[in-house]
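Here's the structure, in C-alpha cells; my notes come after.
2 protein chains.
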Amino acid sequence: MDIRPATPADADAIWHILESVLRAGETYALDRDLSRDDAVAFWLGGDRQSFVAIAHGMVVGTYYLRANQAGGGAHIANCGYATLAEARGRGVARAMAVHSFAEARARGFRAMQFNFVVSSNVPAVRLWHALGFETVGRVPEAFDHPERGLVDALILYRRL
Amino acid sequence: MDIRPATPADADAIWHILESVLRAGETYALDRDLSRDDAVAFWLGGDRQSFVAIAHGMVVGTYYLRANQAGGGAHIANCGYATLAEARGRGVARAMAVHSFAEARARGFRAMQFNFVVSSNVPAVRLWHALGFETVGRVPEAFDHPERGLVDALILYRRL
Numbered sequence: 001m002d003i004r005p006a007t008p009a010d011a012d013a014i015w016h017i018l019e020s021v022l023r024a025g026e027t028y029a030l031d032r033d034l035s036r037d038d039a040v041a042f043w044l045g046g047d048r049q050s051f052v053a054i055a056h057g058m059v060v061g062t063y064y065l066r067a068n069q070a071g072g073g074a075h076i077a078n079c080g081y082a083t084l085a086e087a088r089g090r091g092v093a094r095a096m097a098v099h100s101f102a103e104a105r106a107r108g109f110r111a112m113q114f115n116f117v118v119s120s121n122v123p124a125v126r127l128w129h130a131l132g133f134e135t136v137g138r139v140p141e142a143f144d145h146p147e148r149g150l151v152d153a154l155i156l157y158r159r160l
Numbered sequence: 001m002d003i004r005p006a007t008p009a010d011a012d013a014i015w016h017i018l019e020s021v022l023r024a025g026e027t028y029a030l031d032r033d034l035s036r037d038d039a040v041a042f043w044l045g046g047d048r049q050s051f052v053a054i055a056h057g058m059v060v061g062t063y064y065l066r067a068n069q070a071g072g073g074a075h076i077a078n079c080g081y082a083t084l085a086e087a088r089g090r091g092v093a094r095a096m097a098v099h100s101f102a103e104a105r106a107r108g109f110r111a112m113q114f115n116f117v118v119s120s121n122v123p124a125v126r127l128w129h130a131l132g133f134e135t136v137g138r139v140p141e142a143f144d145h146p147e148r149g150l151v152d153a154l155i156l157y158r159r160l
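As you go down the protein sequences, you meet chains A and B in turn. UniProt numbering puts the first residue of the first sequence at 1, with every later residue one more than the last. UniProt numbering puts the first residue of the second sequence at 1, with every later residue one more than the last.
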C-alpha cells in the first residue's frame, strides 16, 4: 500500500469513500446529507493536510491531519480516517494510522487526540487501543446512532 | 445585568474583552496574536450565536452558543464565555452561563459540553462544577500555559 498527499485530482475518489461513510451516519458527527462539494471541502480544506492510501492503483482510504487546537493547544494533532467500504478489514486504517503518526511527528506534534470516537464503532475503538491510544474521556449519549439511538462518544489520546 | 443577542455594533466592545483574554493566552486555545477581525469573525461568525452582557450601559461579558458537533452529535451545545477584565469576580460569567443554559434548552439542545477547559483556570473549573458540570475527560498536557508550561485540559459536560 502506498500512502501519499492527496491532490485535487483525488476529489472524486475521496468523495466515493466519504459518501458511504456519511450516508451511513454511524461513525462521524457530520451531516448525513452533506453534499459532495461540502464534504470534499471539509476533508481537503481549511487547515487540513490530506492523504490517500493506494492499493492496486485504487484509492482505498483517506485521512486528514491537522492541529487539534490553536494557540497553546497547537502541539496536539488530530486526524480523521475513512476506508473504502470494499477494502475494510484489510489493514488500510492501521496503515494510515501508522503513517499519520510519522507525519504528525515530522510536523512537530507531540501527541494525537481524537475528539469524537463513537463508542459503538467497536472495530475503530479496538484498533486505536491496539495502536496505543488511551481513552481519556467519555461523553454520555453524545451521538445519535441511526439504529442504536444515543451512544457515548470517546476521547482518545496517544503520545507521539 | 441584561443579556441580549450581540449585533455587529458590539464588535468593538467584544474585541476589547477578547483582546486581553487572547493576549494573556492562559485560558483559550486560540492564537495569542489573533487579529481583531479574525477574533470578531470567530466569535460572531460561522454557526455561532453570540450574546453580550450589559451592566451600567457597558458590555461586561460575551458568550457564544453553537452545536458542538454536526449530524448525530448536534444535540449537544457548546459555549465560550469571556468577561471584561475589570468586571471579573462579580458574577458575570455565572449570569451568562445560566442564560446560555436557557438559550440552549430553547433551541432543543439536550446537554452542553466544553471541549477544552484549561485545568489551571481554577475559577472557571470551580464555577462549572458549581453549575452542575461533570469532568468527563482529561487530556494530559494539552495546553501550553505561558507561565506554567504544559497543563491538562478538561472536558466538561452537563445535561440541560
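We put the CB at the ideal spot given by N, CA and C, even for glycine. As the structure is a prediction and not an experimental result, all values here were calculated from the model.
In whole angstroms, what separates the C-alpha of residue i from that of residue j?
| i | j | result |
| --- | --- | --- |
| A/LEU18 | B/LEU84 | 43 Å |
| A/CYS79 | A/GLN49 | 9 Å |
| A/TYR63 | B/THR135 | 30 Å |
| B/ALA74 | A/ARG126 | 25 Å |
| B/ALA97 | B/TYR81 | 8 Å |
| B/PHE51 | B/VAL117 | 20 Å |
| A/GLY89 | A/GLU141 | 27 Å |
| B/ARG36 | B/HIS145 | 22 Å |
| A/MET112 | B/ARG138 | 14 Å |
| B/GLY61 | B/ALA93 | 7 Å |
| B/SER76 | B/GLY57 | One detail in the question is off: residue 76 of chain B reads as Ile in this sequence, not Ser. Roughly 33 Å separates the two Cα atoms. |
| B/ALA153 | B/ALA6 | 28 Å |
| B/LEU156 | A/PHE42 | 26 Å |
| A/VAL59 | A/GLU86 | 11 Å |
| B/ARG107 | A/ARG107 | 40 Å |
| A/ASP33 | B/ALA70 | 11 Å |
| B/TRP128 | A/PRO123 | 34 Å |
| A/ASN115 | B/ALA13 | 32 Å |
| B/ARG133 | B/GLY91 | Before going on, a small fix: residue 133 of chain B reads as Phe here, not Arg. Distance between the alpha carbons of B/PHE133 and B/GLY91 is about 17 Å. |
| B/ALA95 | B/PHE143 | 27 Å |
| B/ALA53 | A/ALA53 | 50 Å |
With a threshold of 16 other CB atoms inside 10 Å of the CB of residue i, please say whether the residue is buried or exposed.
| i | result |
| --- | --- |
| B/ARG23 | exposed |
| A/ARG158 | buried |
| A/LEU30 | buried |
| B/ASP10 | buried |
| A/ALA130 | exposed |
| A/SER20 | exposed |
| B/LEU150 | exposed |
| B/GLY72 | buried |
Residues in the same chain with beta-carbon distance under 8 Å from residue i, minus the five sequence neighbours each way, listed in chain order, please.
| i | result |
| --- | --- |
| A/CYS47 | It should be noted that the sequence gives Asp, not Cys, for residue 47 of chain A. Only ARG66, ALA67 meet the Cβ criterion. |
| A/ASN121 | GLU26, THR27 |
| B/ARG148 | SER120 |
| A/VAL8 | With the sequence shown as reference, residue 8 of chain A is identified as Pro, and Val is not the correct amino acid for it. Here the set comprises LEU44. |
Apart from the five residues on each side of it in sequence, which residues of its chain come closer than 6 Å, Cβ to Cβ, to residue i?
| i | result |
| --- | --- |
| A/ALA55 | MET1 |
| A/HIS99 | ILE3 |
Can you list, in chain order, the residues of its chain whose CB lies under 7 Å from that of residue i, leaving out five sequence neighbours each side?
| i | result |
| --- | --- |
| B/ALA39 | TRP15, LEU18, LEU22 |
| B/LEU160 | PHE101, ALA104, ARG105, PHE109, ARG110, ALA111, MET112 |
Is residue i close to the ligand NAD? I mean its beta-carbon at under 8 Å from any heavy atom of the ligand.
| i | result |
| --- | --- |
| B/PRO5 | No copy of the ligand NAD occurs in the structure displayed, which carries no ligand at all. |
**OP:** Can you give me, in chain order, the residues of the stretch 74–85 of chain B that have a beta carbon less than 8 Å from any beta carbon in chain A?
**Re:** Listed by position, the residues of the stretch 74–85 of chain B near chain A (Cβ gap below 8 Å) are ALA74, HIS75, ILE76.
**OP:** Could you pull out every unbroken beta strand (DSSP E) segment of at least 3 residues lying fully inside the UniProt domain "N-acetyltransferase" (1–160) of chain B, listed in chain order?
**Re:** For the UniProt domain "N-acetyltransferase" (1–160) of chain B, whole beta strand (DSSP E) runs of length 3 or above, ordered along the chain, are 2–5, 49–55, 58–67, 76–83, 111–118, 134–145, 149–159.
Original post:
Given a limit of 7 Å on CB to CB distance, which residues of the stretch 9–39 of chain A reach chain B?
Top reply: Per Cβ criterion, the list reads GLY25, TYR28, ALA29, LEU30, ASP31, ARG32.
**OP:** For the stretch 125–140 of chain B, enumerate the residues whose C-beta is nearer than 8 Å to any C-beta of chain A, in chain order.
**Re:** Within the stretch 125–140 of chain B, contact with chain A at the beta-carbon level (separation under 8 Å) is assigned to VAL136, GLY137, ARG138, VAL139, PRO140.
**OP:** Pull out every residue of the stretch 142–156 of chain A whose Cβ sits closer than 8 Å to any Cβ of chain B, in chain order.
**Re:** Only those residues of the stretch 142–156 of chain A whose C-beta falls short of 8 Å from the nearest C-beta of chain B are listed: ALA142, PHE143, ASP144, HIS145, PRO146, ALA153, ILE155.
**OP:** Check distances from the C-beta atoms of the stretch 43–74 of chain B to those of chain A and list, in chain order, the residues that come in under 7 Å.
**Re:** Listed by position, the residues of the stretch 43–74 of chain B near chain A (Cβ gap below 7 Å) are GLN69, ALA70, GLY71, GLY72, GLY73.
Original post:
Which residues, taken in chain order from the stretch 93–126 of chain A, show a beta carbon closer than 9 Å to some beta carbon of chain B?
Top reply: Residues passing the 9 Å Cβ filter: ARG110, ALA111, GLN113, ASN115, PHE116, VAL118.
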